[in-house]
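Novice: One structure follows; several queries about it will come next.
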Amino acid sequence: MGKYVSLLRGINVGGRNIKMKDLQDCYASIGITDVKTYLQSGNVTFNAAETDETLITKKLELAVSDRFNYPAKIFVLVEYKLKQIIENYPFDSTDNMYQYYVIFTRKGIAKNLYNQGESLKSELDKIALGEGVLYWKVLKGITVDSPFSKLLVKCEFKDFHTNRNLKTLSKLLS
């Protein structure tokens, strides 16, 4: 039995509202156990007998898509991998003038996103490439207006990533 974290993209924003109790029930309906949600944005911890993250992702996306009638995008990680991602955060995360994020991407997207983001040479936000993720440090108050955030919403990237605040990710492990 493995411990996992899943991150749903794009729920409880833009009119796509899902109650966390309903999401928990959906997960349980496919044999997922010890389902817990954090906040209202699709952060879920759970246990599963299945050990293949790709298979878990496919099963969850199908179940959530069917139950809530939208094309669900879900990122699944073994708990210890999330811990490593957090531990490898490359920026000093103690300055209260900034927000600190991890961007989870579909395979093959992170490097391209990083390369395009680096070409922006922004002083307002900084990015670093991690293992299958991007790390992002952005000045508070401009998160949706920074040069890098504008890149994130381009068609080639917008449906293939989700991001979470470093503090939120840490709470998922507690």
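Going by numbering that gives the first Met the number 0, the residue at position 53 of the sequence shown is 52; the numbering climbs one at a time, nothing skipped. For each residue, glycine too, the CB sits at the ideal point set by N, CA and C. As the structure is a computational prediction, the values presented were derived from the model and not from experiment.
1) Identify every run of the alpha helix (DSSP H) within the segment 8-40, keeping only runs that are complete inside it and at least 4 residues long; order them along the chain.
2) So does the segment 85-94 actually touch the segment 113-132, counting three or more Cβ pairs closer than 8 Å?
3) For the segment 86-158, which segments carrying the alpha helix (DSSP H) assignment without a break, of at least 4 residues, lie completely within its bounds, in sequence order?
4) Report yes if the C-beta distance between S121 and F147 is below 8 Å; otherwise report no.
5) Where does the unbroken alpha helix (DSSP H) through T50 begin, and where does it stop?
6) Please find out if some non-hydrogen atom of the ligand SAH comes closer than 7 Å to the beta-carbon of D65.
7) Who are R66's beta bridge partners in DSSP?
8) Are A62 and S40 touching if we call contact CB-CB under 8 Å?
9) If we call anything under 8 Å between Cβ atoms a contact, is N162 one with V101?
10) Pick out whichever of D144, T93, L172 and I85 has its Cα sitting closest to the Cα of G131.
11) Can you tell me whether Y79 is buried or exposed, with buried defined as 16 or more other CB within 10 angstroms of its CB?
12) Looking only at C-alpha atoms, which of N95, F156 and W135 sits nearest to L112?
13) Starting from L168, follow the alpha helix (DSSP H) in both directions and report where the run begins and ends.
14) DSSP three-state call for K72: helix, strand or coil?
15) Would you grab the beta carbon distance between F45 and T32 for me? Rounded to a whole angstrom, and I think it's under 8 Å.
16) Cα separation between L22 and K106?
17) With a Cβ-Cβ cutoff of 8 Å, do N42 and L171 count as a contact?
Specialist: So, from the data block:
1) Whole alpha helix (DSSP H) segments, 4+ residues: 19-27.
2) With a cut-off of 8 Å, the segment 113-132 and the segment 85-94 count as touching, because enough Cβ pairs lie within range.
3) As far as the segment 86-158 is concerned, its whole alpha helix (DSSP H) runs of at least 4 residues are 109-117, 146-151 and 154-157.
4) For the purposes of this step, residue 121 is taken as residue 122 along the sequence shown, with counting starting at 1. For the purposes of this step, residue 147 is taken as residue 148 along the sequence shown, with counting starting at 1. Taking the C-beta atoms as reference points, F147 is found nearer than 8 Å to S121.
5) Looking up residue 50 in the sequence shown gives position 51. In the DSSP annotation of this structure, T50 is not part of any alpha helix (DSSP H), being labelled neither H nor E.
6) Ligands are entirely absent from the displayed structure, and the ligand SAH is therefore not among its contents.
7) Working through the sequence shown from its first residue, we reach residue 66 at position 67. The partner list for R66 (beta bridge, DSSP) is empty, contrary to what the question assumes.
8) Working through the sequence shown from its first residue, we reach residue 62 at position 63. Working through the sequence shown from its first residue, we reach residue 40 at position 41. The answer is no: Cβ separation not under 8 Å.
9) By 1-based counting over the sequence shown, the position of residue 162 is 163. By 1-based counting over the sequence shown, the position of residue 101 is 102. Yes.
10) Indexing the sequence shown from 1 puts residue 131 at position 132. Per the Cα distances, I85.
11) For the purposes of this step, residue 79 is taken as the residue at position 80 of the sequence shown. Residue environment analysis places Y79 among the exposed positions, since fewer than 16 neighbouring C-beta atoms fall within 10 angstroms of its C-beta.
12) Along the sequence shown, one-based indexing puts residue 112 at 113. Out of N95, F156 and W135, F156 has the C-alpha closest to the C-alpha of L112.
13) The residue labelled residue 168 in the question sits at position 169 within the sequence shown. Segment L165 to L171, the alpha helix (DSSP H) holding L168.
14) Translated into the one-based positions of the sequence shown, residue 72 becomes position 73. Three-state DSSP puts K72 in coil, outside helix and strand.
15) Here residue 45 refers to the residue found at position 46 of the sequence shown. Here residue 32 refers to the residue found at position 33 of the sequence shown. Between F45 and T32 the beta-carbon gap is near 7 Å, inside 8 Å, which marks them as a contact.
16) The residue labelled residue 22 in the question sits at position 23 within the sequence shown. The residue labelled residue 106 in the question sits at position 107 within the sequence shown. Their backbone Cα atoms lie some 25 Å apart in a straight line.
17) As a first step, residue 42 must be located in the sequence shown, where it is residue number 43. As a first step, residue 171 must be located in the sequence shown, where it is residue number 172. Yes.
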